[in-house]
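Engineer: Each protein sequence line maps, in turn, to chains A and B.
Remember, the numbering used here sits 907 above the position in the first sequence when you count from 1.
Remember, the numbering used here sits 116 above the position in the second sequence when you count from 1.
Glycine residues also receive a C-beta, built at the ideal position from the N, C-alpha and C atoms.
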Amino acid sequence: MNTYENAVQVDSLCKSFDDFQLSDVSFTLPRGTIMGLIGENGAGKSTTIKLLLSLLQKDSGSIQLFDQPLEGDGSALRLRIGSVLDEGFFYEDLTPGQMAKVLSHCHPRWDSDHFNALLRRFQLDPSKKFKEMSRGMKVKTKLAIALAPHPQLLLLDEPTSGLDPVARSQFLDLLQEFIQDENCAVLLSSHITSDLERVADYITYIHQGKILLSEETAELLHRCAIWRCTLEDVRELTSNQYLSVRKNAYSCDVLIGDRRAFLSTHPDAILDPASLEEIMTLYAYKAQ
Amino acid sequence: MNMVSPIRGLILKDLYNTKRSAKVLLVIMLVYGGISLTSRDLSATVGLTTMVSLLLPISAFSFDQASHWSSFALTLPITRRQLVTARYAFSFLMVLCASFFLLLSTLIAHLIGNTDYLDGLLTFLLSISVVLTVLSITIPAVYHFGPERGRMIMFGVCMAPILIIVAGSKFLPAEVFSSIRGWFLSQKFLRILELDTAIWIGAAVFLIFSLLCMSISWKISCKIVERQEY
């Protein structure tokens, strides 16, 4: 098993389309950790993951996977990557068993026993056609396929959307098991921020193709807070004392970027803990 | 680490996908084969096998598009070149299977005394050559434009020779055709050959030409796919 420091290191990554631009994206995913990639629809999460998989070609910037530069078509590095993309890849008339036979020829590290064990764990029938499966079953099959070759890096694009809470919880348990091996890492894009609060060691927030923040989840949740106050209170603040403000009907929600510094100047203020969802939505107000 | 062959895996995937339609096609081919044998005319079988060997490779593209297969396959340790090579290998396999059926029909027709097997063999060679030539134009077009427009291009390619001949006979003066005929007749190498021999040499040259077309076509498809984004 190859060792490395950073599973993913992205520096100043840029990619332009006719109607969208990914600009100056930088983040680092150390080994043994899970990074949550958050952002609204069309923010650039899938584009970033596709660039890591060489499905898209970057315009500029650098990508390193397992401390090695991603060059050419990247097929050698993809040997160590498992991925679940938002788009399906299921031929409706095929079964997981048939797909396993195909993939055993395509992937040098394919482990049929491991794949079958995962199917049993997810209570999936290897002879059931994909067209007869529910969305949850398809997601689990995709995950089993991604994990069967024992990857060191999982790139997961919205894998939990459409899953019920029980299935999502099982999925998150599996990710935490996967990460027990310190040579593994996960980049997980999701809209379900509560899931990320539970499992992600790092959060990277992309908004309109730009990184708004990328840091440790615990540190982010610790330093940020919500001050629910009046518009008059907000008017007394200086711009460096808060990150953004959302005006409600009768009050304001102020996102505080440094709880300790804010309390030193406003000792009487009552600050609520900020959830990842609140940080995400209020940051978006700032960006707008 | 397993000994793997991505191309073998990719062909297996196409075969799994083709299995369902192949069963129906096989029944149709057997029915047409039976009709051809009893009516002493293999032209229906020739038409059907040609159509089947053209349509199955293009259908494989449609299956791939519907399931976003290419973008998934390229998340595996598979190169874009292997993806293209596997599709060409699958196309060859389909052409060979359909041609084998045609050859078998020819031999059965000969054994029951209905047809000249040499004519059948010639048809077999020509049908492989025609299909490979059409596919060599169609496959890069499908990679570039997608299966729907690629299928239209394929029909265009199939119809083009007929249209050219019809249009030529309508708009070109008769002297043009007589001068072409005269040029052929004036060639020494053609005059020294028996007509049958010349036809067989022509068929062999056409087969070599179609294989050359497929080789160039594969290179063009590789270039197209290497530039594509998913």
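Give the interface partners of B/G125 over in chain E, defined as CB-CB distance under 9 Å, in chain order.
Structural biologist: Protein chains in the displayed structure are A and B, and chain E is not among them.
Engineer: Could you name the residues of the segment 990–1007 of chain A whose beta carbon sits closer than 7 Å to any beta carbon of chain B, in the order they occur along the chain?
Structural biologist: Listed by position, the residues of the segment 990–1007 of chain A near chain B (Cβ gap below 7 Å) are S990, L992, E994, G995, F996, F997, Y998, D1000, L1001, Q1005.
Engineer: So, is the C-beta of A/R985 closer than 8 Å to a C-beta in chain B?
Structural biologist: It does; some Cβ of chain B falls within 8 Å.
Engineer: Compute the beta-carbon to beta-carbon distance between A/L1010 and B/G125, rounded to the nearest angstrom, for a pair I have assumed lies under 8 Å.
Structural biologist: That pair is a contact at about 7 Å.
Engineer: Helix, strand or coil: which one does DSSP assign to A/F1029?
Structural biologist: Here A/F1029 sits in coil by DSSP.
Engineer: Closer than 7 Å by beta-carbon distance: list the chain B residues that pair up with A/D980, in chain order.
Structural biologist: Correct list: T195, R196.
Engineer: Is A/Q975 close to chain B, meaning its C-beta is less than 8 Å from at least one C-beta of that chain?
Structural biologist: With 8 Å as the cut-off, A/Q975 does not count as an interface residue toward chain B.
Engineer: Short of 8 Å in beta carbon distance, which residues of its chain neighbour A/A950, apart from the five on each side in sequence? Order them along the chain.
Structural biologist: Within the same chain, A/A950 has close Cβ partners I1113, H1114, Q1115, G1116.
Engineer: For A/L1060 and B/V321, I'd like the C-alpha separation in whole angstroms.
Structural biologist: So the alpha carbons of these two residues sit roughly 52 Å apart.
Engineer: Under the three-state reduction of DSSP, which class applies to B/Y148: helix, strand or coil?
Structural biologist: B/Y148: helix per DSSP, three-state reduction.
Engineer: Count the CB pairs spanning the segment 1142–1154 of chain A and the segment 1163–1171 of chain A that are closer than 8 Å, and state whether there are at least three.
Structural biologist: Flag = yes, the segment 1142–1154 of chain A and the segment 1163–1171 of chain A touch.
Engineer: Below 8 Å CB to CB, which residues in the same chain sit around A/Q928 once its five sequence neighbours on both sides are set aside?
Structural biologist: Once the five neighbours on either side are set aside, the close Cβ partners of A/Q928 are C921, K922, G1116.
Engineer: Assign B/M330 to one of three DSSP states: helix, strand, or coil.
Structural biologist: Helix at B/M330.
Engineer: Give the DSSP-derived three-state secondary structure of A/T1002 in the structure shown.
Structural biologist: Here A/T1002 sits in coil by DSSP.
Engineer: Indicate the three-state DSSP secondary structure (helix, strand or coil) for B/D180 in the structure shown.
Structural biologist: Note: B/D180 maps to helix in three-state DSSP.
Engineer: Do we get a CB-CB distance below 8 Å when we pair B/Y204 with the residues of chain A?
Structural biologist: Output row for B/Y204: interface = no.
Engineer: Looking at the unbroken beta strand (DSSP E) that takes in B/D235, where does it start and where does it end?
Structural biologist: Per DSSP, B/D235 belongs to no beta strand (DSSP E); it is in the alpha helix (DSSP H), 233–261.
Engineer: In or out: B/Y148 buried (at least 16 other Cβ within 10 Å) or exposed?
Structural biologist: B/Y148 should be labelled buried.
Engineer: Buried or exposed for B/N133, please, with buried defined as at least 16 other CB atoms from any protein chain shown within 10 angstroms of its CB.
Structural biologist: Buried is the call here.
Engineer: Is it a yes or a no for the segment 963–980 of chain A touching the segment 163–175 of chain B, going by three-plus beta-carbon pairs under 8 Å?
Structural biologist: Touching, no.
Engineer: Just curious, the alpha helix (DSSP H) that A/P1180 is in, first and last residue?
Structural biologist: It is not in any alpha helix (DSSP H) - A/P1180 instead sits in the beta strand (DSSP E) that spans 1178–1180.
Engineer: Does the segment 1177–1193 of chain A come within contact of the segment 999–1017 of chain A, defined as at least 3 CB pairs closer than 8 Å?
Structural biologist: Cβ pair count under 8 Å is below three, so no.
Engineer: Could you give the DSSP three-state label for A/K965: helix, strand or coil?
Structural biologist: Coil.
Engineer: For a quick check, are the C-beta atoms of B/T191 and A/S990 less than 8 Å apart?
Structural biologist: Cβ distance < 8 Å, so B/T191 and A/S990 count as in contact.
Engineer: Listing by chain order, which chain B residues have their CB less than 8 Å from the CB of A/K1035?
Structural biologist: Chain B residues near A/K1035: none, gap ~15 Å exceeds 8 Å.
Engineer: In whole angstroms, give me the CA-to-CA distance for B/G272 and B/C213.
Structural biologist: If you take the alpha carbons of B/G272 and B/C213, they lie about 24 Å apart.
Engineer: In terms of residue numbering, what span does the alpha helix (DSSP H) encompassing A/D1080 cover?
Structural biologist: 1072–1085 is the span of the alpha helix (DSSP H), which, as asked, contains A/D1080.
Engineer: Let me know the secondary structure DSSP gives B/C274 once reduced to three states.
Structural biologist: B/C274: helix per DSSP, three-state reduction.
Engineer: Using a C-beta to C-beta distance shorter than 7 Å, which residues of chain A count as neighbours of B/E345?
Structural biologist: The contacting residues are L962, L963, Q964.
Engineer: Quick one: residues in its chain with C-beta nearer than 7 Å to the C-beta of A/T1067, no 5 flanking neighbours on either side, listed in chain order?
Structural biologist: Result list for A/T1067: R1075, F1078, S1097, I1099, D1102, in chain order.
Engineer: Can you look up A/A983 in the DSSP assignment and give me helix, strand or coil?
Structural biologist: Note: A/A983 maps to coil in three-state DSSP.
Engineer: Which word fits B/Y259, buried or exposed, when buried means at least 16 other C-beta atoms lie within 10 angstroms of its C-beta?
Structural biologist: The residue is buried, with at least 16 neighbouring Cβ atoms inside 10 Å.
Engineer: Any beta-carbon of chain A closer than 8 Å to the one on B/F179?
Structural biologist: Chain A contact via Cβ: present.
Engineer: Between A/L1082 and A/I941, which are expected to be in contact by the criterion C-beta below 8 Å, what is the C-beta distance as a whole number of angstroms?
Structural biologist: At roughly 6 Å, the Cβ-Cβ gap stays under 8 Å, so A/L1082 and A/I941 are in contact.
Engineer: Tell me A/R1135's beta-bridge partners as DSSP assigns them.
Structural biologist: Answer is A/D1160, bridged to A/R1135.
Engineer: Residue range of the beta strand (DSSP E) that A/K1154 falls in?
Structural biologist: That run of the beta strand (DSSP E) goes 1151–1154.
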